[in-house]
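All residue numbers for the sequence shown refer to the UniProt record's numbering, where the first residue is 1 and numbers rise by one.
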Amino acid sequence: MENKQVAIPQFGEAEVLTIQQASIPRALAGEVVVKVAFAGINPIDVKTRAGLGWAAAQNKDHLPWVLGYDISGEVYQCGDTVQQLDVGDRVAGLIGFPLQGGGYSQYLSVPEKVLSRVPESVTLEVAAALPLAGQTAVQALDKALVQEGERVLILAGAGGVGHIAVQLAVAAKAEVFTTCSEANLDYLATLGAHAVNYHFSPVSERVEEADVLIDLVGGDAALDALKCMKDKARVVTLPTLSAELICEKAHLLGFEATGMLVEPNPQQLDTMLYMASIGLLKTAIYHIYPMDQVVDAHKQMETGHTRGKILLDMQC
Ligand SMILES: NC(=O)c1ccc[n+]([C@@H]2O[C@H](COP(=O)([O-])OP(=O)(O)OC[C@H]3O[C@@H](n4cnc5c(N)ncnc54)[C@H](OP(=O)(O)O)[C@@H]3O)[C@@H](O)[C@H]2O)c1
1 MENKQVAIPQ FGEAEVLTIQ QASIPRALAG EVVVKVAFAG INPIDVKTRA GLGWAAAQNK
61 DHLPWVLGYD ISGEVYQCGD TVQQLDVGDR VAGLIGFPLQ GGGYSQYLSV PEKVLSRVPE
121 SVTLEVAAAL PLAGQTAVQA LDKALVQEGE RVLILAGAGG VGHIAVQLAV AAKAEVFTTC
181 SEANLDYLAT LGAHAVNYHF SPVSERVEEA DVLIDLVGGD AALDALKCMK DKARVVTLPT
241 LSAELICEKA HLLGFEATGM LVEPNPQQLD TMLYMASIGL LKTAIYHIYP MDQVVDAHKQ
301 METGHTRGKI LLDMQC
């Protein structure tokens with residue numbers, strides 16, 4: 001039996017992505033081997049592949065390196081002392097984050113405690129879409145202390161993090177404003193947000209007196225969005241490259257502002273999987289690529305215009 005993985009032998013364009021063969025790992029004590037069905041793709045995978053950011057810096061001497069943090073699949077083998085899971089259980093998780101990665105593998109061994117059980121009514125596709133993006137959305141809204149009735153502006157509501165953040169903020173009874181292209185206006189309206197086409201005019205001309213900004217774009221778009229905020233507004237900015245600049249500018253304007261790095265939290269994934277199981281949370285899955293088409297998948301992510309999530313089908 002083989003264990004195919006997608007690795008980067010060197011940093012570079014999408015074409016460096018390579019399928020390699022490894023042996024199926026054995027589960028150590030407290031670990032389970034997961035037979036991965038779907039692996040989620042996130043912007044950090046693309047940045048790391050290109051040699052950008054801290055995950056690349058930390059792993060530059062460990063190439064080839066297997067990308068990927070989001071997995072769903074079935075338990076294939078249980079190590080000693082595993083208590084909560086059995087062979088055949090359906091699971092999902094944010095694994096190896098941020099430095100280990102490894103999610104683009106057909107089999108991998110992970111501590112059982114990092115995994116969530118996938119409810120019967122939730123597909124493994126949906127489960128693979130939720131870990132990193134979903135936990136980021138939860139943690140960003142938590143950090144911003146979003147309260148019922150507040151006006152929350154979420155930049156890039158149609159993306160992997162954004163489409164979940166919009167739904168969670170609406171569920172928290174906030175009034176949600178978001179930015180997107182023409183093609184996503186109706187989609188975001190159906191999720192309950194006031195959607196603004198950022199190609200048409202800057203968001204600062206369309207939204208005012210917002211209590212909270214969740215910035216999923218960074219740079220000039222975030223600087224413009226600061227003009228929409230009321231006194232003492234709270235700002236959480238996610239793109240790490242511009243976080244310092246945005247926080248500095250926000251502080252000068254008298255806002256509370258912080259960057260953040262998502263922290264794996266299986267309980268938050270449990271909650272989102274439950275919400276998905278009862279129809280309270282809907283994931284948009286833009287496309288599922290067979291693992292041997294990973295180059296196309298990364299190119300799609302690099303367009304910056306994916307609605308929801310892209311997955312790799314690891315079973316073929
Ligand atoms: N710090 C952390 O822990 C952390 C965790 C997760 C993600 N992030 C970062 O957060 C950002 C978003 O992540 P993601 O997974 O949601 O990315 P994504 O899925 O790639 O986002 C794609 C979406 O961005 C929208 N978009 C592109 N340019 C835009 C603009 N100028 N204004 C408004 N929307 C725009 C697109 O919508 P349209 O097609 O409608 O334009 C598209 O739907 C990335 O920079 C990512 O690296 C950080």
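Note that CB positions come from ideal geometry on N, CA and C, so glycine has one too.
It should be emphasised that the depicted structure is a prediction, and the values quoted were computed from it without experimental measurement.
Which residue or residues does DSSP assign as beta-bridge partners of residue 335? Only positions 1 to 316 of the chain appear in this structure, which leaves residue 335 out of reach.
Regarding R307 and ligand 1, is the C-beta to nearest heavy atom distance less than 8 Å? yes
Beta-carbon contacts of K47 that lie in its chain and below 6 Å, excluding the five residues immediately before and after: G53
Once the 5 residues before and after Q84 are set aside, which same chain residues still bring their CB inside 7 Å of it? E112
My assumption, with CB atoms under 8 Å, is that L130 sits in contact with A92. Please give the rounded CB distance. 7 Å
At which residues does the beta strand (DSSP E) containing I246 begin and terminate? It is not in any beta strand (DSSP E) - I246 instead sits in the alpha helix (DSSP H) that spans T240 to L252.
When DSSP builds the beta bridges, which residues end up paired with G40? D70 and L311
Sequence-distant residues of its chain with Cβ nearer than 6 Å to V152 (five each side left out): V146, A169, A174, V176 and V212
So, with DSSP's three-state summary, where would you put Y198? coil
How close, in whole Å, do the beta carbons of G157 and A210 come, if the pair is a contact with beta carbons under 8 Å? 14 Å between Cβ atoms; not a contact.
Determine the burial state of G219: buried for a count of at least 16 other Cβ atoms within 10 Å of its Cβ, exposed for fewer. exposed
Excluding the five sequence neighbours on either side, which residues of its own chain have a C-beta within less than 6 Å of the C-beta of R49, listed in chain order? I8
Among G254, V217, P264 and F200, whose alpha-carbon lies nearest the alpha-carbon of S242? V217
Closer than 8 Å: is that where the CB of S109 sits relative to any heavy atom of ligand 1? no
What's the gap between the Cα of V114 and the Cα of A250? 35 Å
Near G30, which residues of its chain fall below 7 Å by C-beta distance, leaving aside the five closest residues on each side in sequence? G79, T81, V82, P111 and E112
Rounded to a whole number of angstroms, what is the C-alpha to C-alpha distance between E120 and L311? 20 Å
Can the beta-carbon of G12 be found closer than 9 Å to that of G40? no
Could you spell out the range, first to last residue, of the beta strand (DSSP E) harbouring S109? Y107 to P111
Going by other Cβ atoms of all chains shown within 10 Å of its Cβ, with 16 needed for buried, is L155 buried or exposed? buried
Could you give the uninterrupted runs of the beta strand (DSSP E) lying entirely in the region 153-184, keeping only those of 3 residues or more? 175-180
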